[in-house]
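Residue numbering for the sequence shown follows the working numbering, starting at 353 and increasing by one per position.
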Amino acid sequence: MKKIIITGILCLLVVAYIFAQAKKQPLAQASIKRGQKVFESTCIVCHQKNGGGVPRLNPPLIKTKYVLGDKSQLVQIVLKGLNQPIEIEGETYNNVMPSFAQLTDEQIADVLTYVRNSFGNKASAVTPALVKAERAKTQ
């Protein structure tokens, strides 16, 4: 009898988890879709359509620690830009990245969520609340 009850509870937990994930998916997918538009209008020239960047100039966005790692650091790069060389995966990139602080918190969150879930990447979403908090640190 205990096995039946435990199995039933586990089944309910699995179903609840699946429903919770299904509710999250549309929000993340909507953010990714909006982020793709931001990427195509602001980032694609330097980072390329495939996210591969340009050797020694603009870093790739494909499965690198700085894209998949600390979201706050990534937000700060978008907000402040980058005007010093950066080494990624053993290669140095020297092109200046301008600040994109003119983008809204939602646009920055969306484009970073897009980048973190495109080009073979799979990472958690960036939220507008995180961008807002990071923006407050820069002012």
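We put the CB at the ideal spot given by N, CA and C, even for glycine.
Boundaries (first-last residue) of the beta strand (DSSP E) holding residue i
| i | result |
| --- | --- |
| Thr-510 | In the structure as shown, the chain starts at 353 and stops at 491, and residue 510 therefore has no counterpart that could be examined. |
| Ile-438 | 438-440 |
Integer-rounded CB distance, given that residue j should sit under 8 Å from residue i
| i | j | result |
| --- | --- | --- |
| Gly-433 | Pro-450 | 5 Å |
| Val-478 | Lys-423 | 5 Å |
| Asn-446 | Arg-408 | 6 Å |
When the options are compared against residue i, the one with the closest alpha-carbon
| i | options | result |
| --- | --- | --- |
| Thr-416 | Gln-454, Leu-409, Val-390 and Gly-403 | Gly-403 |
| Ala-380 | Ala-488, Ser-476, Ile-356 and Val-430 | Ser-476 |
| His-399 | Phe-471, Lys-484, Gly-442 and Pro-480 | Phe-471 |
Residue i: first and last residue of the uninterrupted alpha helix (DSSP H) it sits in
| i | result |
| --- | --- |
| Val-420 | Note on residue identity: the sequence assigns Leu, not Val, to residue 420. 417-420 is the extent of the alpha helix (DSSP H) around Leu-420. |
| Val-397 | 396-399 |
Ranges of the alpha helix (DSSP H) found wholly within the region 423-488, counting only runs of at least 4: 423-432 and 457-468
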